[in-house]
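**Student:**
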Amino acid sequence: MSEGLGHEGEAVELKEEELRLVAIRRRATQLAVALVTEPFSADTHAQLRSYVERDADEAQVLVREVLALPPARLRERIAELTRSKTVQGEVTA
747 MSEGLGHEGE AVELKEEELR LVAIRRRATQ LAVALVTEPF SADTHAQLRS
797 YVERDADEAQ VLVREVLALP PARLRERIAE LTRSKTVQGE VTA
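Counting in our numbering, the sequence shown runs without a single skipped number right up to 839 at its last residue.
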């Protein structure tokens, strides 16, 4: 997946790893809400097991990769994403 230039107002393409991390975070947030609102439901239990089995380890790897970026590159990437009015990419739950 290619990355956009990130100039003011231009679309920025999310990298594959960024898309995966955003999708995992979305599922984690949905799980957190379920744990608060319906902590004993079978659906919440299934979501929790799925997160632990499918997402938790990958999330840790992806976060370590992001944090391993040189600080200047990480700041640059954050600036690209926040400057852009449009972020392209598909995030699935």
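Glycine is no exception: its CB is placed at the ideal position from the N, C-alpha and C atoms. Remember, it's a predicted structure, so these values are computed and weren't measured experimentally.
#1: Check Glu-759 in the structure and name its three-state DSSP category.
#2: List the endpoints of the continuous alpha helix (DSSP H) containing Asp-789.
#3: Are the beta-carbon atoms of Val-770 and Ala-825 separated by less than 8 Å?
#4: For Glu-764, which residues from the same chain have a beta carbon less than 6 Å from its beta carbon, with the 5 sequence-adjacent residues on both sides left out?
#5: Which residue wins for smallest C-alpha separation from Leu-794, given the options Val-807, Ala-780 and Asp-803?
#6: Is Arg-766 closer than 8 Å to Leu-808 when the C-beta atoms are compared?
**Tutor:** In terms of the structure at hand:
#1: For Glu-759, the three-state secondary structure derived from DSSP is strand.
#2: 788-796
#3: Note on identity: in this sequence residue 770 is Ile, with Val being the wrong assignment. No, the pair does not count as a contact, with Cβ atoms beyond the cut-off.
#4: Here the set comprises nothing.
#5: Ala-780
#6: yes
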